[in-house]
Amino acid sequence: MTGFEDETYSTIFTSLNHSVRRKILKMLSEEPRSFSDMFESLGISSSHFNYHLENLGDLVSKTEEGKYKLSYLGEAAVATMSKVEESPKPSAMKHPSTFFVKNWKPLILVFIVTVSFLVGVNWIQGQALAEMSDENNTLLSSNELLWDCYTSTLISSEDSPISENEAIHKSLQYGKWDSEKLQGMVVEATMVYFKFEVKRRQVTLLQEEIISEIPIARMYEVTEQVTDYSPMSDENSTYRYIWEISVRTFQEHLDHTFSSPPSGIYHVDAVNGEIYPNLYSLMYIDVENE
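With this note's numbering applied, the sequence shown covers 4 to 293.
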């Protein structure tokens, strides 16, 4: 099928898909009409009318007097529309051979257009189903390998930094993720450097000082090798290496976005393995409390 034929079929079906364009074709099937005549009959805005008239393309043409009339393709479009909207006439049913002889050209064109349209729709649906099937198989395979890897991870000693696999393992266990829940999800791990504010509170009754750390800033993403993961402290702050584990849908992964709230985001201390459900939420809660 050539590009011209594709464009012709597209124009016919697009025209029949709009009520305004169908009305224009019906008016022109009765007799040639002027621009103002059709505009007044339709009772729509001039910009709206111009838009639909221009999009009829090769379905309409002009007479020597400047009026609009149906082209050969326009007549075929009207014939197609009539077959859909009208019931078969008794005379046509009684004399099928006579009806076919008189209308064989429009009928053949309608048949070709219909078959081409159905073939095109079937091909598009087949391609879409094939892509969805391949994508689903890839996700299932990735999730099976991912889950096997995480469930078989060996826990390292407390003196060693927590590995990426161990951080993911802890996060999935904490969030109660299993292989079924992970279908269609993407798990990612990133090492980040967090700043915590050290808060001291004196408890009179217990005669002791309670020290707590509140996350206040995500400093940067760690992209270079680290030789010492130990936390660094000054008078009012502590800086820690934290594994940031995210669980999000495949579409969110492609778009580089998170749902709100996210499907799952966890933080694991790279040294002692302490897990936080979501440091960002703790940051927001602390700001609200203040």
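All C-beta atoms in this analysis are idealised placements derived from N, C-alpha and C, irrespective of residue type, glycine included.
### Stretch-stretch touch, CB-based, cutoff 8 angstroms, three pairs: the region 70 to 90 with the region 108 to 115
yes
### Task
Please name the residue or residues paired with E1 in a DSSP beta bridge.
Outside the shown range of the chain, which is 4 to 293, sits residue 1, and nothing can be said about it.
### Task
Classify E277 as buried or exposed, calling it buried when 16 or more other Cβ atoms lie within 10 Å of its own Cβ.
As a first step, residue 277 must be located in the sequence shown, where it is residue number 274. Exposed: under 16 other Cβ atoms inside 10 Å.
### Query
Once you ignore the five residues that flank H55 on each side, which residues in its own chain have a CB closer than 6 angstroms to its CB?
Within the sequence shown, numbered from 1, the residue matching residue 55 stands at position 52. V23 and R24.
#### Entry: When W246, T252, R251 and T230 are compared against D272, the one with the closest alpha-carbon
The residue labelled residue 272 in the question sits at position 269 within the sequence shown. For D272, the nearest C-alpha among the options comes from W246.
### Endpoints, beta strand (DSSP E) assigned at D181
Here residue 181 is taken as the residue at index 178 of the sequence shown, counted from 1. From DSSP, D181 is part of no beta strand (DSSP E); its letter is neither H nor E.
### Identified DSSP bridge partners for Y283
The residue labelled residue 283 in the question sits at position 280 within the sequence shown. Partner(s): none; Y283 has no beta bridge.
### Message
Between which residues of its own chain and R204 is the CB-CB distance below 6 angstroms, once the five residues before and five after are set aside?
### Response
For this step, residue 204 is matched to residue 201 along the sequence shown. Excluding positions up to five away in sequence, the list reads I213.
### Query
Can you tell me whether A220 is buried or exposed, with buried defined as 16 or more other CB within 10 angstroms of its CB?
Along the sequence shown, read from residue 1 onward, the residue named residue 220 stands at position 217. A220 should be labelled exposed.
### Query
Going by beta carbon distance, what residues of the same chain come within less than 6 angstroms of Y268, once the five residues before and after it are set aside?
Start at 1 with the first residue of the sequence shown, and residue 268 comes out as number 265. Checking the sequence shown, residue 268 turns out to be Ile, not Tyr. Same-chain partners within the cutoff: S249 and N281.
### Assigned exposure category for V179 - 16 Cβ within 10 Å defines buried
One-based indexing of the sequence shown puts residue 179 at position 176. One detail in the question is off: residue 179 reads as Lys in this sequence, not Val. Its Cβ having fewer than 16 others within 10 Å, K179 is exposed.
### Message
Can you tell me whether S236 is buried or exposed? The criterion is at least 16 other CB atoms within 10 Å of its CB, across all chains shown.
### Response
As a position in the sequence shown, residue 236 is number 233, starting the count at 1. Exposed.
### Buried versus exposed call for A170 [16 or more other C-beta atoms within 10 Å across all chains shown]
Along the sequence shown, read from residue 1 onward, the residue named residue 170 stands at position 167. Classification for A170: buried.
### Query
Taking the continuous alpha helix (DSSP H) assigned at V23, which residues delimit it?
For the purposes of this step, residue 23 is taken as residue 20 along the sequence shown, with counting starting at 1. Unbroken alpha helix (DSSP H) run through V23: S22 to E33.
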